[in-house]
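A.B. asks:
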Amino acid sequence: MPQIDLTDDEISDMISEPKYLDAQTYDSLRDLKNYKTKHGHSEITCALTAENHKFRIFARQSSTNKLDFTWGLIYIDSINGTEIILRRYNGKSHRHTNAIEKNRIYGYHIHYAKERYLKEYTKGESYAEPTDRYGTFQEALDCMIKDCNIDVQGMTTLGDYGI
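Going from the sequence shown to the working numbering is simple: count from 1 and add 5.
1. Residues in its own chain within less than 6 Å of alanine 145 by CB, not counting five upstream and five downstream?
2. Within the continuous beta strand (DSSP E) that includes tyrosine 111, where are the two ends?
3. If I measure Cβ to Cβ from isoleucine 79 and keep anything under 6 Å in the same chain, skipping five residues before and after, which residues do I get?
4. Have a look at histidine 58 and serine 83 and give me their C-alpha separation to the nearest angstrom.
5. Please name the residue, chosen from Tyr113, Ile150 and Lys128, that lies closest to alanine 104 on a Cα-to-Cα basis.
6. Since serine 98 and aspartate 137 are thought to touch, with beta carbons under 8 Å apart, how far apart are those beta carbons, to the nearest angstrom?
7. Please report how far the alpha carbon of threonine 30 lies from the alpha carbon of lysine 41, in whole angstroms.
8. Would you call the CB atoms of leucine 26 and glutamine 158 closer than 9 Å?
9. Output yes or no for whether 9 Å exceeds the beta carbon distance between arginine 92 and histidine 114.
10. Could you tell me which residues DSSP pairs with cysteine 153 in its beta bridges?
11. Cysteine 3: which of Asp14, His44 and Asn39 sits nearest, CA to CA?
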């Protein structure tokens with residue numbers, strides 16, 4: 006697929022754009038029984054509703070290591086179908102090294118799509134920062150929902166789910 010260039014401002018605008026998910030789908034995302042099992046992990050994906058762009062979210066959870074997980078927000082280009090991961094919320098199952106900065110991270114970390122990485126690498130979200138804002142698979146989902154302006158329709162607050 007062709008690569009597209011995005012500026013940091015465009016990425017930021019996409020992250021802040023309101024995105025919508027219904028409460029029933031949110032419940033499905035929280036229940037691993039709804040996931041497909043593949044090669045040692047479970048995964049799920051679903052489309053989000055938004056006014057200006059196409060987005061979907063995805064998740065993977067290891068079958069053997071509860072710290073090995075990821076949640077992600079993907080932008081889908083409406084012209085050529087190119088997909089760019091704008092954010093990824095990872096568990097602490099592996100070490101990550103930022104290719105440009107050369108710093109290493111071990112622990113929970115969030116990947117951010119960056120203009121400079123999109124220009125130099127095939128994975129624009131290769132840049133990551135450590136975080137202490139979540140410690141479980143479910144908490145990472147809720148962190149992504151807050152960070153990426155995803156409104157769960159039919160739910161007053163995340164507190165409705167004990168979060």
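Backbone N, C-alpha and C fix where the C-beta goes; we use that ideal spot for every residue, glycine too.
These figures come from a predicted structure and were not determined experimentally.
C.D. replies: To lay it out plainly:
1. Excluding positions up to five away in sequence, the list reads Trp76, Tyr94 and Tyr139.
2. Where tyrosine 111 is concerned, the enclosing beta strand (DSSP E) stretches over 109–111.
3. Result list for isoleucine 79: Arg61, Glu88 and Ile90, in chain order.
4. Rounded to whole angstroms, the separation of the alpha carbons of serine 83 and histidine 58 is 7 Å.
5. The residue with the shortest Cα to Cα distance from alanine 104 is Lys128.
6. That belief does not hold up - the Cβ atoms of serine 98 and aspartate 137 are roughly 16 Å apart, past 8 Å.
7. Going from the Cα of threonine 30 to the Cα of lysine 41 covers about 15 Å.
8. Yes, the pair counts as a contact, with Cβ atoms nearer than the cut-off.
9. Going by C-beta atoms, arginine 92 is not nearer than 9 Å to histidine 114.
10. Answer is none; cysteine 153 lacks a bridge partner.
11. In the structure as shown, the chain starts at 6 and stops at 168, and residue 3 therefore has no counterpart that could be examined.
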